[in-house]
Amino acid sequence: MSCLAWNCRGLGNPRKVPTLKKEISSKGHKFIFLSETKLLVVELCRVAMKLGFDFYFAVDCVVTNGGRMGGLSFLWQVDCFMELCSFYKNHIDVQIGGGDAWRFTSVYGVPEDNKKWKTWRLLETLAGNSSLPWLCVGNFNEILFEHEKMGGNLR
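In the numbering used here, the protein residues as written are 91 to 245.
Written out as structure tokens, the structure is:
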């Protein structure tokens, strides 16, 4: 089973959806997780249809005077059994499959340095919710070492 997790940094650009569709078609992904879509749920419905997915679950982006930020979506094909376990503005947690079930958690980590602990606390909580095999993917907005960081202030 093939899947894709992509921090798309906004799907409002008309060139991004065809590029994503080409990737999905060439690899045959059964489900995808998109973070930082910068879309509302009603807008994501159209994207899901253009990409050829049968079902989707989305979390709205936040709209401010300065623009849009965030937004998550999980899209899947009809032949992929999926059950939503939990979600919030920074994660979508699902169970995939029937008899040979496993968990898939998609994360967009809190970007503010003084709140990064919230992402790790979330993962600790989610880890205790199930004993199924677990795949956790996404953009954790975190680094292990200073040399991984390019630009901005040192941490």
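Where is the CB? At the ideal position from N, CA and C, for every residue including glycine. Bear in mind that the values here come from a model prediction, so they are computed numbers and not experimental data.
- Message: With DSSP as the reference, identify every bridge partner of Arg-193, one or two as the case may be.
- Response: Taking the sequence shown and counting its residues from 1, one reaches residue 193 at position 103. Note: Arg-193 sits in a beta bridge opposite Gln-185, Trp-224.
- Message: Just to confirm, is the Cβ distance from Asp-183 to Asn-219 under 9 Å?
- Response: Locating residue 183 in the sequence shown gives position 93, counting from the first residue. Locating residue 219 in the sequence shown gives position 129, counting from the first residue. In contact: Asp-183 and Asn-219 (Cβ atoms closer than 9 Å).
- Message: Within 8 Å, do at least three Cβ pairs link the segment 188-208 to the segment 221-231?
- Response: Contact between the segment 221-231 and the segment 188-208 is present: 3 or more CB-CB pairs across the two stretches fall below 8 Å.
- Pairwise C-alpha distance: Ser-116 and Lys-179: In the sequence shown, counting from the first residue as 1, residue 179 sits at position 89. In the sequence shown, counting from the first residue as 1, residue 116 sits at position 26. Straight-line Cα distance between these residues: approximately 30 Å.
- Is the beta carbon of Met-262 less than 9 Å from the beta carbon of Lys-120? No information on residue 262 is available, as it lies outside the stretch 91 to 245 that the chain covers here.
- List the whole-angstrom C-beta distance separating Ser-196 from Ser-125, where the pair is believed to meet the contact cut-off of C-beta under 8 Å. Position 106 of the sequence shown, counted from the start, is the residue given in the question as residue 196. Position 35 of the sequence shown, counted from the start, is the residue given in the question as residue 125. Sure, about 7 Å apart at Cβ, within 8 Å.
- Message: Tell me which residues share the same chain as Lys-246 and place their Cβ nearer than 8 Å to its Cβ, disregarding the 5 neighbours each side in the sequence.
- Response: Residue 246 lies beyond the stretch modelled for the chain, which goes from 91 to 245, so this question has no answer here.
- Have a look at the DSSP bridge pairing and note the partners of Arg-158. Against the sequence shown, residue 158 aligns to sequence position 68. Looking at the DSSP assignment, Arg-158 forms a beta bridge with Val-153.
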